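K.L.:
Protein sequences, first through last, are from chains A and B.
Residue numbering for the first sequence is 142 to 395, as defined by this note's numbering.
Residue numbering for the second sequence is 100 to 549, as defined by this note's numbering.
Sharing a structure, written as structure tokens. Questions coming.
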Amino acid sequence: MNEQQVGRREALRLVSVSKVYGEQRPVAALRDVSLALAPGSFTSIMGPSGSGKSTLLQCAAGLDRPTSGQVFVAGQPLPDGDETVLTEFRRDRIGFVFQQYNLIPYLTVEQNVVLPARFAGRRVDRRACRDVLARLGLAKLADRLPAELSGGQRQRVAIARALVNRPAVLFADEPTGALDTGSGREVLSMLREAVDVFGQTVVMVTHDPLAAAQADAVTFLADGAVVDHLHRPSAARVAERMTHLDEFAAAAGR
Amino acid sequence: MTIVLASVRRRRTAFVATFLSVFLGSSIVMAFAAMLDTSFGDGVPKADRTTLSIVATVVGGWGAIIVASAVATTVAVAARQRATELALLRSAGATPRQVVRLIVGETAVVAAAGAVLAVPVGYVLGRGLLAMLSASDQVSSGVEYRFGGAALGVGVGVGFVVALLATRIAARRAARRTIREAMFEADAGGRRIGRVRFWAGLVCLGIAAQNVVLSLTMVDGKKVYDVQMIASEACIFAGIGFALLSPIILDRAVRLLGGVVGRVGGTAGELAVAGIRQRVQQAATPLMPIIVVTSIAMGTLYMQAVTNALHAKSNDKVTETLNYVVVGMIVVFAAVMLVNLVVTVMNDRRGEFAQQRLVGATQKQLLTMVGAESAVLLAVGLLFGTIGGLLTVVPFTLKTTHSVVPDASIGIYVGIVLTVAALTVGAMLVAGRRAAGADAVSVLREAANA
Chain A
142 MNEQQVGRRE ALRLVSVSKV YGEQRPVAAL RDVSLALAPG SFTSIMGPSG
192 SGKSTLLQCA AGLDRPTSGQ VFVAGQPLPD GDETVLTEFR RDRIGFVFQQ
242 YNLIPYLTVE QNVVLPARFA GRRVDRRACR DVLARLGLAK LADRLPAELS
292 GGQRQRVAIA RALVNRPAVL FADEPTGALD TGSGREVLSM LREAVDVFGQ
342 TVVMVTHDPL AAAQADAVTF LADGAVVDHL HRPSAARVAE RMTHLDEFAA
392 AAGR
Chain B
100 MTIVLASVRR RRTAFVATFL SVFLGSSIVM AFAAMLDTSF GDGVPKADRT
150 TLSIVATVVG GWGAIIVASA VATTVAVAAR QRATELALLR SAGATPRQVV
200 RLIVGETAVV AAAGAVLAVP VGYVLGRGLL AMLSASDQVS SGVEYRFGGA
250 ALGVGVGVGF VVALLATRIA ARRAARRTIR EAMFEADAGG RRIGRVRFWA
300 GLVCLGIAAQ NVVLSLTMVD GKKVYDVQMI ASEACIFAGI GFALLSPIIL
350 DRAVRLLGGV VGRVGGTAGE LAVAGIRQRV QQAATPLMPI IVVTSIAMGT
400 LYMQAVTNAL HAKSNDKVTE TLNYVVVGMI VVFAAVMLVN LVVTVMNDRR
450 GEFAQQRLVG ATQKQLLTMV GAESAVLLAV GLLFGTIGGL LTVVPFTLKT
500 THSVVPDASI GIYVGIVLTV AALTVGAMLV AGRRAAGADA VSVLREAANA
């Protein structure tokens, strides 16, 4: 496939991505997964545990290399080369939000938010930073350390950090997993707002049907393969499909 | 016990550090204490008995103090590293007492192994020490080597017992906090030093100052060895005092130097400074051996060089040999401690490095940051080590030669500085490279599941 033709208008494309772990007794974590996501879309990835959700996210985000297949971010293939090349690729195009926040404990909120830009050697746009912080209701916390914030506040800082560079794709791995319902809902509505207001592309891995229902579409994984899609999901329909998948997985003896 | 062994296996680096410090420390202390055993032997001439007991008590005593503080530091660092895990155990229903017992139990297993394995090494080292003393005619050649109660008692006491006590203190402090505090402290890294440590540091500096005054005023300048004895303690006490106060010193220094480092080191430099300021306790840990080794090596070596120049044909080899033995012993020990502590601290930062990698730091940027941090530590450590060394050198030279500048080569100082610099930067970069190069995703997954 010609690179030029691979969706310039696509934020993310996976072409027959497979991932096999282990040499002696290989286990396929992903089998021939293909996906294409439009800019400004909000997609949830769901599946029973062990279905390959995290592997999919790591391969798509350039944290791990697929065994076979290709990954394109904003039309650009993941580069060959060492970790440094990959890091430079990631930090220009990809933002992350993790379950465990991953804020640097000894940097203030504002320092954490501008950190990716500083590593990338870009001029730090203080105004843009303050702007994002204000939008996420963090303006007053700019000089605090992460340890002085609640879980919900920390996750909002992580979102601010992921958003401030306007990445091609923002990946969120169980972003509400460590939060109470209230904070979780706030975080989700922020991701929603990022999509609606900034046109940010978001891919979120979650096991929570309520969280998944915030997205425009849900992709279901089972046993390393894409098994289903839902458009304009409701929590009830997501939960129903999940129950079905769990039964399916149980029947398959997993 | 099952939990203890499982935990020992998982935290290899921290336990290797504890093991090494107990093992090496006990070996050294045992070798000196064996001189006491030897002096009690039948038919040892009185003069030999005196020499042997001086070697054992004075030199061995200093060795024991340094070894004890090194062992205490290492196990305390290891225990402090685990604040988050302790909070986790507490939240799973463990009482403070159970948590303390778990950690002390772990240290006991590791330290016991270190102390036991130290016995044969201490035995051989002691034999070597006696051979050296009799080869330089300080002890008559007929004296028979004995290794017994004193060696075992002091060796095990300084290694094993100190390790257990220090662990207990650190673990109790960690366990008594509320869970929320423990989590917070673990995240922020801790910024204050304990009151006991603060006052102990001041007392040590006070004693050093007193030694300086005494050697300048009270002692007869012609009695070189009297001056030597008093002056030599100034650099030891000053070194230990500065080491105890090192987090405060580092904090002030970074406030002063921060701007410069940031300008020279760019993003990495600024991050290094921010990192040091927020986790000053942890960051100051490698400062301790840097200061102690610089101070003692410089004080003792220059004092000996000046003495040698004064008494070109002196045949008082006892003090000279002993001074070199002390310096050699302390340098080797401090070098091991330095590497030990640096590796432990770096290993502890794997999670932080992994986070920074995910935010977009390349391995090279992380190493530049570690390099900037080691440059700051070196500058501060060498400065205060040099001040400590001067507290011995200047009064001694002034009193015995009526000059401030010692009649000795600058080469000694350059040698000390280069050795310390090579060890610090080498250890930090090698350990940092390993920690920064680990696969970020799996490091964080491990941490989340810990």
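The C-beta atom is built at its ideal place from N, Cα and C for all residues, glycine as well.
Remember, predicted model here, so these are calculated numbers, not experimental data.
Alpha carbon to alpha carbon, what distance is there between R166/A and G288/B?
P.N.:
The count along the second sequence starts at 1 and reaches residue 288/B at position 189. The count along the first sequence starts at 1 and reaches residue 166/A at position 25. Confidence at G288/B is low in this model, with a pLDDT of 47, below 50, so the placement of that residue is unreliable and no value is reported for it.
K.L.:
Report the residue from D447/B, A250/B and V257/B whose alpha carbon sits nearest the alpha carbon of R533/B.
P.N.:
Reading the second sequence from its first residue, position 434 is the one you call residue 533/B. Comparing Cα-Cα distances from R533/B to each of D447/B, A250/B and V257/B, the minimum goes to D447/B.
K.L.:
For A250/B, which residues in the same chain have their Cβ closer than 6 Å to its Cβ, ignoring the five residues on either side in sequence?
P.N.:
Translated into the one-based positions of the second sequence, residue 250/B becomes position 151. M129, A132, A133 and D136, listed in sequence order.
K.L.:
Should G262/A be flagged as near chain C, meaning a C-beta pair shorter than 9 Å?
P.N.:
The displayed structure is made up of protein chains A and B, and chain C is not among them.
K.L.:
Could you name each continuous alpha helix (DSSP H) segment of 4 residues or more that falls completely within the region 209-264 of chain A, going from the start of the chain to the end?
P.N.:
224-234 and 250-260
K.L.:
For T316/B, does the count of other Cβ atoms within 10 angstroms reach 16, so buried, or fall short, so exposed?
P.N.:
Stepping through the second sequence from its first residue, residue 316/B is reached at position 217. Its Cβ having fewer than 16 others within 10 Å, T316/B is exposed.
K.L.:
In this structure, how does DSSP classify I186/A when only helix, strand and coil are distinguished?
P.N.:
The residue given as residue 186/A occupies position 45 in the first sequence. Strand at I186/A.
K.L.:
Could you spell out where the beta strand (DSSP E) holding T393/B opens and where it closes?
P.N.:
Here residue 393/B corresponds to residue number 294 of the second sequence, with the count starting at 1. Looking at the DSSP string, T393/B is not in any beta strand (DSSP E); the run it does join, the alpha helix (DSSP H), is L386 to L409.
K.L.:
With distances taken between CB atoms, is the gap from L268/A to V255/A smaller than 9 Å?
P.N.:
Start at 1 with the first residue of the first sequence, and residue 268/A comes out as number 127. Start at 1 with the first residue of the first sequence, and residue 255/A comes out as number 114. According to the sequence displayed, residue 268/A carries Arg and not Leu. Contact: no.
K.L.:
Could you tell me which residues DSSP pairs with R154/A in its beta bridges?
P.N.:
As a working note, residue 154/A is residue 13 in the first sequence. Paired residues: A177/A and F213/A.
K.L.:
Using 9 Å as the limit for Cβ to Cβ distance, is G459/B near chain A?
P.N.:
Taking the first residue of the second sequence as 1, we reach residue 459/B at position 360. Judged by the 9 Å Cβ criterion, G459/B is in contact with chain A.
K.L.:
Could you check where the beta strand (DSSP E) with V344/A kicks off and where it finishes?
P.N.:
Residue 344/A sits at position 203 when you count from the first residue of the first sequence. Membership of V344/A in the beta strand (DSSP E) is indicated by the continuous run V343 to V346.
K.L.:
Could you check how far apart the C-beta atoms of D173/A and S157/A are, in whole angstroms? I think they sit under 8 Å.
P.N.:
Locating residue 173/A in the first sequence gives position 32, where the first residue counts as 1. Locating residue 157/A in the first sequence gives position 16, where the first residue counts as 1. So it is a contact: roughly 5 Å between Cβ atoms.
K.L.:
Buried or exposed for S239/B, going by 16 or more other Cβ atoms inside 10 Å?
P.N.:
The count along the second sequence starts at 1 and reaches residue 239/B at position 140. Per the 10 Å Cβ criterion, exposed.
K.L.:
Can you pull the chain A neighbours of V540/B, defined as C-beta to C-beta under 7 Å?
P.N.:
Working through the second sequence from its first residue, we reach residue 540/B at position 441. Those are Q199, L204 and D205, listed as they occur along chain A.
K.L.:
List the residues that DSSP assigns as beta-bridge partners of T360/A.
P.N.:
Taking the first sequence and counting its residues from 1, the one referred to as residue 360/A is at position 219. Answer by DSSP bridge pairing, in chain order: I186/A and H370/A.
K.L.:
Does the region 333-347 of chain A come into contact with the region 303-312 of chain A, if we say contact requires no fewer than three beta-carbon pairs (one atom in each stretch) closer than 8 Å?
P.N.:
yes
K.L.:
Does D314/A come out as helix, strand or coil in the three-state DSSP assignment?
P.N.:
For the purposes of this step, residue 314/A is taken as residue 173 along the first sequence, with counting starting at 1. Three-state DSSP puts D314/A in a strand.
K.L.:
Under a CB-based cut-off of 9 Å, is Q462/B close to chain A?
P.N.:
Residue mapping note: residue 462/B aligns to position 363 of the second sequence, counting from 1. It does: the Cβ of Q462/B has a partner Cβ on chain A nearer than 9 Å.
K.L.:
Could you tell me if V128/A is buried or exposed, where buried requires 16 or more neighbouring beta carbons within 10 angstroms of its beta carbon?
P.N.:
No answer is possible for residue 128/A: the residues shown for chain A start at 142 and end at 395.
K.L.:
List the residues of chain A whose Cβ lies closer than 8 Å to the Cβ of A373/B, in chain order.
P.N.:
Position 274 of the second sequence, counting from 1, holds the residue named residue 373/B. Here the neighbours are Y247, L248 and Q252.
K.L.:
Kindly indicate which three-state DSSP category L216/B falls into: helix, strand or coil?
P.N.:
As a working note, residue 216/B is residue 117 in the second sequence. DSSP places L216/B in helix when its eight states are reduced to three.
K.L.:
Hey, out of K160/A, T228/A and A376/A, whose CA is closest to L198/A's CA?
P.N.:
Mapped onto the first sequence, residue 198/A falls at position 57. Measuring from the Cα of L198/A, the nearest candidate turns out to be K160/A.
K.L.:
Secondary structure at A170/A, three-state DSSP: helix, strand or coil?
P.N.:
Counting from one through the first sequence, the residue named residue 170/A turns up at place 29. Three-state DSSP puts A170/A in a strand.
K.L.:
So the candidates are I511/B, A471/B, L370/B and V215/B; which of them puts its Cα closest to the Cα of N253/A?
P.N.:
Numbered from its first residue, the first sequence carries residue 253/A at position 112. Comparing Cα-Cα distances from N253/A to each of I511/B, A471/B, L370/B and V215/B, the minimum goes to L370/B.
K.L.:
Going by alpha carbons, who is nearest to L229/B out of Y244/B, T420/B, M527/B and T399/B?
P.N.:
As a first step, residue 229/B is located in the second sequence; it is residue number 130 there, counting from the start. Of the listed residues, the one whose Cα sits closest to L229/B is Y244/B.
K.L.:
Could you give the DSSP three-state label for S159/A: helix, strand or coil?
P.N.:
Within the first sequence, numbered from 1, the residue matching residue 159/A stands at position 18. Strand at S159/A.
K.L.:
List, in chain order, every chain B residue whose beta-carbon is nearer than 7 Å to that of L256/A.
P.N.:
On the first sequence, position 115 is the one that residue 256/A refers to. Ordered by position in chain B, the residues that pass the 7 Å Cβ test against L256/A are V458.
K.L.:
Taking the alpha-carbon positions, what's the C180/A to V214/A distance?
P.N.:
On the first sequence, position 39 is the one that residue 180/A refers to. On the first sequence, position 73 is the one that residue 214/A refers to. Note that residue 180/A is Pro in the sequence shown here, rather than Cys. Roughly 11 Å between the two C-alpha positions.
K.L.:
Kindly give me the distance between the Cβ atoms of V298/A and P316/A, rounded to whole angstroms, as I take these residues to be in contact under 8 Å.
P.N.:
Taking the first sequence and counting its residues from 1, one reaches residue 298/A at position 157. Taking the first sequence and counting its residues from 1, one reaches residue 316/A at position 175. With a Cβ gap of about 12 Å, V298/A and P316/A do not count as contacting.
K.L.:
Please list, in chain order, the residues of the region 352-383 of chain B that have any C-beta partner in chain A closer than 7 Å.
P.N.:
T366, A373, G374, Q377 and R378
K.L.:
Taking one C-beta from the region 192-201 of chain B and one from the region 144-151 of chain B each time, how about it: are there three or more such pairs within less than 8 Å?
P.N.:
As far as the Cβ criterion goes, the region 192-201 of chain B does not touch the region 144-151 of chain B, which means the pair count is below three.
K.L.:
Do M436/B and P505/B come within 9 Å of each other at the CB atom, strictly closer than that value?
P.N.:
Indexing the second sequence from 1 puts residue 505/B at position 406. Indexing the second sequence from 1 puts residue 436/B at position 337. No, Cβ-Cβ distance for P505/B and M436/B is not below 9 Å.
K.L.:
Pull up the CB-CB distance for L171/A and G365/A, whole angstroms please, since I reckon it's below 8 Å.
P.N.:
To locate residue 171/A, count along the first sequence from 1; it is residue 30. To locate residue 365/A, count along the first sequence from 1; it is residue 224. The Cβ separation is near 5 Å, so the contact holds.
K.L.:
How many angstroms separate the CA atom of G216/A from the CA atom of A152/A?
P.N.:
Counting from one through the first sequence, the residue named residue 216/A turns up at place 75. Counting from one through the first sequence, the residue named residue 152/A turns up at place 11. A straight line joining the alpha-carbon of G216/A with that of A152/A spans about 7 Å.
K.L.:
If you run the structure through DSSP and keep just helix, strand and coil, what is Q380/B?
P.N.:
Counted from its first residue, the second sequence places residue 380/B at position 281. Correct three-state label for Q380/B: helix.
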